[in-house]
Amino acid sequence: MRFGLLGTVTVVADGDPGGDGSGGSGGGLPRPVGSAKVRALLAALLATPGRAVPLRHLKSALWGDAPPTTATASLHNHVARLRRVLHEEGQDGSRLRAAPPGYVLDIADGEFDVWIFLGHHAAARTAHRAGDWHAVLDECGAALALWRGEPLSDVPLRSDVLRALAAHLTEARLLTLEWRFAAELALGRHQGMAAELAGLAAAHPLRETFHRQLMLALHRTHRQAEALAVYHRLRRTLVEELGVEPDSAVQATYQEILAEPPSARLAPGGPSGGTAGGPRGRTGTTRPGGADGGADGDAAGDAADGTGGSTGSGTGTGGTAPRRAERAGAAVDTDSGGPLPPAAPVGPGPVPADGPAAGPAAGDAPVTVGPRAPAPEGGGASAGDAVPAVRPRPAPAQLPPDTPDFTGRSSELDTLLAALRGSRAECGPRVAVVSGMGGVGKTALAVRAAHLLRSEFPDGQLYADLRGFGAGDARDPADLLARFLGDLAADGQPPPADPDDRAVVWRDALHGRRVLLMLDNAGDAAQVTPLLPGGGGSAVLVTSRRALGELPGAARLALEPLPAPEQRELLVALCGRQRVAAEPEAAEGVLAACGGLPLALRIAGARMAARPHWPLSALAERLDAPAGSRLHALSTGGLAVQDTFAMSYVAMRDSPLAADRAAAGAFRTLGAWPGHGLDSPAAAALLGQGSAAAADDLLEALVDAHLLEAPRPGRYGFHDLVGEYAAVCARGELTAAERRSALRRITVWYAATVASSLAVLAPEGHPLPPLDEQPVLPAPEFTGDEEALHWCVRELPAIRLAITTAVACGWPDIAWRTAAGLFGYAQAYWWTGEWTACLEEAMACVTAHGDVLGQGWMHSRLGVAHGMAERYEVSLEHLHAARARFEAAGDLHGVAAILTNLTALHRCTGEYGLALEYGRRSLALHRSLGAVDRVATVLGNLGDTHLFVGDPVAAEQCFREALAAWRARGSLTSIARTLTSLAEARLALGRPAEAVRALTETLALLDRLGDRATAADALEVLGRAHLARGDRAAARACWQEALGLARAHHLPVEEEAVLRGLAGLEPGGTA
């Protein structure tokens, strides 16, 4: 038996007759897997074959985050159906077996197309790294041949596991395609590639490798103009959508196309039959050593594509072997592919007798940095003269020491090195800015990069701490120019007094030289600009807590916290592998507390190094402390995480610029809100701003200073440790009244916005009474259910925090309104457990404060929540308590709503007499209150109850009255749904022709509304009406259309009803 996910979900039994199946190689026909639920179950089991999948994961795959109360029983039924699909003749037992905490599906090697694909994928990666292009083609071809379409294409991806699996497989396929094209380009098989690559580039407009390969394929087939057009389209897309330029490999390919005719880049195995050399002495695309950098070998792909070489005769940049040589301090011999010895010293200094390899690195070699001294008159001294040689001043080497245990950051390091090496064709100076929050490792990365580049800047490496943040005054660029000119001994003359003249002399001194200038801790662009070279071979490496966007042409690298694998690697380097391995849970706790900041990890490591007998769990416990205590624990000696954050904050707080001081005030106020994640409108409410745009101006200043993160436009959040520091500032610098006022503003805004979502999601329900005060920023008006639900889903953690905050502050009016307003979200997602907890929290608050109206609302909502969870006795108690509170508060609308809920509750418990009694009382009260919408809703509920007890006459009367009310209101959706119910009553009365007329109008309205999901239910009823009239063909057509809609919109109840109807039309059926 074979299984397939690389397309639709398939099962193929080897013993079944037939040709080639789609679940792998070999004979057999695919077995029908059944409904979408069974396919989802099989996919969830195949996501981790041979391992037990917990029941909660299987439920998530079938129903998403809101499984019904009957999910466990339904799941077992679906398991039984899947076992029938997997049954094998002559086999004892089943592949699908129960194994706590769920089920496990056993499969053997060669039976699963994903395993087979990943095996070929891994072999292709190995061959790609080794430059074995024929093997790459073979393995990629075998891997790609297994694909039958999009992965899991016939399964609704309701769970995170299935979505992640589909995304992983899709990415692996795209990477396999990239490797295949790299191999074809390397082997000179570029004819005919452009069409396929053009389609892939169009389908993946941000995937730069496909565009680069398309450029090469076009260029090598003499279509240079089209190749350049591809580059310009890609660049425009990246700039407009992401605000970034194409990567260095794409730009290098672009420069190659501009510089070279297609014939100059023939690949090995191409028409020339030999190794192709570029016009500048470069070799072809395959180099010894392979590649292991980038995303599974992107560097090797660059080499194979012919995009990685330098455009000059010096060091190359494509392929990992040349990069390694460069980082070791050697140039790269572009003719041999191997490293060159270090360059000979510049100037008249002595050359070591045993050759360059025995001498110092090029960066340490003695150089002449000023004008060469004139030769003595009379032709100069001969070798035998006793005139002593004047040893020239050595080049400055001022870089701080490298970090011996520097860990990770390989891709960032590659980016930085490429930016600083740049292109020989560039006119301006090469400038790279590394920015990021305090403690993220900017200086360590920059120092590592500078040391790796020393040999490429033989005229010196200069360093200065600009003190833009932290203790001491910021450095004056004019003073630094004087120092740098002295360090280079440019002409032995004192620097000019005028700062502008000094900058001119500085640029002149750098002309024709290759100097690396590292400017650490810059406060702003004004500190850096006067120090920039005028052009030529020098480069400038800047670190700053700001992005310094004012520096023209600078390459920018925004440094993020370390990813999880590199965090662990650094912790191992600091604490020892055995210590970390012995306490994996404690290690995870330490890593989580440090938040990916290298400084925090180094402080934690230093504390453990000073306490060799401590278990790692002791540190983890200290870090898992109340807010603020973690910052205290992350300090040792002269290092403290809090101090590095304070540098940025204090610089803004004490700035002479009003905008900076206002942003610092926003930082403090944000610290009063413990959620640490906000959209612009919520932030505006917290900050007391009248518009989201005004809040954005303040928050973007904090983002620029790396005190705040902006994961997407209009969304802001703190790094955990920065958020703790903001809370420290709020407690220390805001009064209690200021903090309380800020919290009141944001909780009022959340209460108002939740009420706005409820008005859209449950417009016919009991309306929430508004708060006495208006929010600082008006609550948004949602345009429809989808927008309101999207907001609720995104903001749910903040909404729950607003309830908790209101309870803690003693604001019952906010607490109960916010909790009650979540009914719309709870009803849409059947979200009962956590909603019940929110309601009980608010109930405790309103009870403590004697808020009778709030108690009525909380009892009412708790009755609904327990009813949704089928806890009917508890629900009944709350509903009766709510009725009493509403009556005491004089809220007749609340009493009427409770009567409606009692109607529904008694119908669920089978007490139809009580259901009809409460329904009639609810109807009478709503009519007396003039609540037209609620009258129509209650009439619909009563009609459903009459139908259920077999009284279609009374049901028809209710539905006709409800329909008249909805027509008067002009509510098209409610008209369409009531017409469907009316058709059901007329069918029960034996009047199918009238039912057909009602349903025809229903479908016309739904088509006008674009509501295809509701149309599935109407078509199912229409099929029964046609069958009742004896028109089996029309019934079949309706049910077939309904089946497609039910499956497209994942409507299992409608799908099951339609399948029953279709089965009855078959020979031997009961229709």
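Residue numbers for the sequence shown follow UniProt numbering, beginning at 1 and rising by one. Just so it is clear, CB atoms sit at the ideal spot from N, CA and C, and this is done for glycine as well. Computed from a predicted structure; not experimentally measured.
Original post:
If we call anything under 9 Å between Cβ atoms a contact, is Arg430 one with Gly422?
Top reply: For Arg430 and Gly422, yes; Cβs fall inside 9 Å.
Original post:
Going along the chain, which unbroken runs of the beta strand (DSSP E) with 3 or more residues stay wholly within the region 591-631?
Top reply: You should have found no qualifying run.
Original post:
Where does Met518 sit, in a helix, a strand or coil, going by DSSP?
Top reply: In the three-state scheme derived from DSSP, where H, G and I count as helix and E and B as strand, Met518 is classed as strand.
Subject >> For Ser435, the first and last residue of its enclosing alpha helix (DSSP H) >> reply: Annotation for Ser435: no alpha helix (DSSP H) segment contains it, though the beta strand (DSSP E) segment containing it runs Arg430 to Ser435.
**OP:** State the DSSP-derived secondary structure class of Arg31, mapped to helix, strand or coil.
**Re:** Annotated three-state conformation of Arg31 is strand, per DSSP.
**OP:** Report the partner residues of Thr543 according to the DSSP bridge assignment.
**Re:** Val434.
Original post:
Among residues of its own chain, excluding the 5 on either side of Ala936, which ones have a beta-carbon nearer than 6 Å to its beta-carbon?
Top reply: A distance below 6 Å between beta-carbons, with the five flanking residues on each side excluded, links Ala936 to the following residues of its chain, in chain order: Ala962, Ala965 and Trp966.
Original post:
Looking at C-alpha atoms only, which residue of Ala122, Leu466, Arg81 and Val53 is the closest neighbour of Ala99?
Top reply: Ala99 has its Cα closest to that of Val53, out of Ala122, Leu466, Arg81 and Val53.
Original post:
Quick one: complete beta strand (DSSP E) runs, 3+ long, within the region 763-788?
Top reply: Look at the region 763-788 and you find no whole run of beta strand (DSSP E) that is 3 residues long or longer.
**OP:** For the alpha helix (DSSP H) holding Gly243, just list the boundary residues, first then last.
**Re:** In this chain, Gly243 is not harboured by any alpha helix (DSSP H), its DSSP state being neither H nor E.
Original post:
Out of curiosity, what's the CA-to-CA distance linking Ala955 and Val874?
Top reply: About 30 Å.
**OP:** Return the CA-CA distance between Asp465 and Arg475, expressed in angstroms with no decimal places.
**Re:** Distance between the alpha carbons of Asp465 and Arg475: 8 Å.
Original post:
Roughly how many angstroms separate the alpha carbons of Leu417 and Ala450, rounded to a whole number?
Top reply: Looking at the two C-alpha atoms, the distance is approximately 8 Å.
Subject >> Per-residue burial, His946 [other beta carbons within 10 Å of its own, 16 or more giving buried] >> reply: With 16 or more other Cβ atoms within 10 Å, it is buried.
Original post:
Short check: CB of Cys792 to CB of Leu822, under 9 Å?
Top reply: It is a contact, given that the beta carbons lie within the stated cut-off.
Original post:
How many angstroms separate the CA atom of Met437 from the CA atom of Leu905?
Top reply: Near 56 Å, if we compare the C-alpha coordinates of Leu905 and Met437.
Original post:
Per DSSP, what kind of secondary structure is Asp679 in: helix, strand or coil?
Top reply: Under the three-state reduction of DSSP output, Asp679 falls in the strand class.
Subject >> Gln774 classed as buried or exposed, judged by whether at least 16 other C-beta atoms fall within 10 angstroms >> reply: Taking all protein chains shown into account, Gln774 has fewer than 16 neighbouring C-beta atoms within 10 Å of its C-beta and is therefore exposed.
Original post:
Got a sec, what are the start and stop residues for the alpha helix (DSSP H) Leu183 sits in?
Top reply: The sequence given here has Ala at residue 183, not Leu. Counting along the chain, the alpha helix (DSSP H) containing Ala183 begins and ends at Asp160 to Ala186.
Original post:
With respect to 8 Å, is the separation between the Cβ of Ala685 and the closest non-hydrogen atom of the ligand HEM below this value?
Top reply: Absence of the ligand HEM from the depicted structure is noted, as is the absence of any ligand whatsoever, leaving it without description.
Original post:
DSSP on residue 1081, reduced to helix/strand/coil?
Top reply: The question about residue 1081 has no answer here: the residues shown for the chain are numbered 1 through 1071.
Subject >> Per DSSP, the bridge partner or partners of Glu709 >> reply: Beta-bridge pairing links Glu709 to Gly717.
Original post:
Of all the options Thr72, Gln213, Val33 and Leu601, which has the alpha carbon lying nearest to the alpha carbon of Gly188?
Top reply: Nearest of Thr72, Gln213, Val33 and Leu601 to Gly188, Cα basis: Gln213.
**OP:** Mark Arg545 as exposed unless 16 or more other C-beta atoms lie within 10 angstroms of its C-beta, in which case mark it buried.
**Re:** The residue in question, Arg545, is buried, as its Cβ has 16 or more Cβ neighbours within 10 Å.
**OP:** Identify which residue in Pro711, Arg712, Ala606 and Ile746 has its Cα closest to the Cα of Gly671.
**Re:** Sorting Pro711, Arg712, Ala606 and Ile746 by C-alpha distance to the C-alpha of Gly671 places Ile746 at the top.
Original post:
For Leu200, which residues from the same chain have a beta carbon less than 7 Å from its beta carbon, with the 5 sequence-adjacent residues on both sides left out?
Top reply: For Leu200, where only same-chain residues beyond five positions count, the Cβ hits under 7 Å are Leu177 and Phe210.
Subject >> residue 1073 to Glu566 span [Cα, whole Å] >> reply: Because residue 1073 is not part of the residues shown, which for the chain are 1 to 1071, the question remains open.
**OP:** Compute the Euclidean distance between the alpha carbons of Asp292 and Pro394, then round it to the nearest angstrom.
**Re:** Note that Asp292 scores a pLDDT of 32, beneath 50, so its modelled location is shaky; the value from the coordinates is reported in the next line. Their Cα atoms are separated by approximately 38 Å.
**OP:** Take residue 1082 as the anchor and find which of Gly1023, Arg1029 and Gly1044 has the nearest alpha-carbon.
**Re:** Residue 1082 lies beyond the range of the chain shown here (1 to 1071); nothing can be said about it.
Subject >> Inside the region 791-822 only - alpha helix (DSSP H) runs reaching at least 4 residues >> reply: Listed in chain order, they are 812-821.
Subject >> Same chain only: Cβ atoms within 7 Å of Arg607, ignoring 5 sequence neighbours per side >> reply: So the qualifying residues of the chain are Leu619 and Thr636.
Subject >> Residue closest to Pro778, alpha-carbon to alpha-carbon, out of Ala683, Trp133 and Tyr254 >> reply: The candidate whose alpha carbon is nearest that of Pro778 is Ala683.
Subject >> Assumed close pair Val11, Arg81 - CB separation to whole angstroms, cut-off 8 Å >> reply: Between Arg81 and Val11 the Cβ distance is about 12 Å, and since that is not below 8 Å, they are no contact.
**OP:** Take the Cβ of Glu870 as the centre, count every other Cβ of all protein chains shown within 10 Å, and call the residue buried at 16 or more, exposed below.
**Re:** Exposed, by the Cβ-count rule.
Original post:
Taking the DSSP output, what are the residues bridged to Tyr103?
Top reply: According to DSSP, Tyr103 bridges with Val53 and Ala98.
Original post:
Are the beta-carbon atoms of Ile803 and Ala815 separated by less than 9 Å?
Top reply: Cβ distance < 9 Å, so Ile803 and Ala815 count as in contact.
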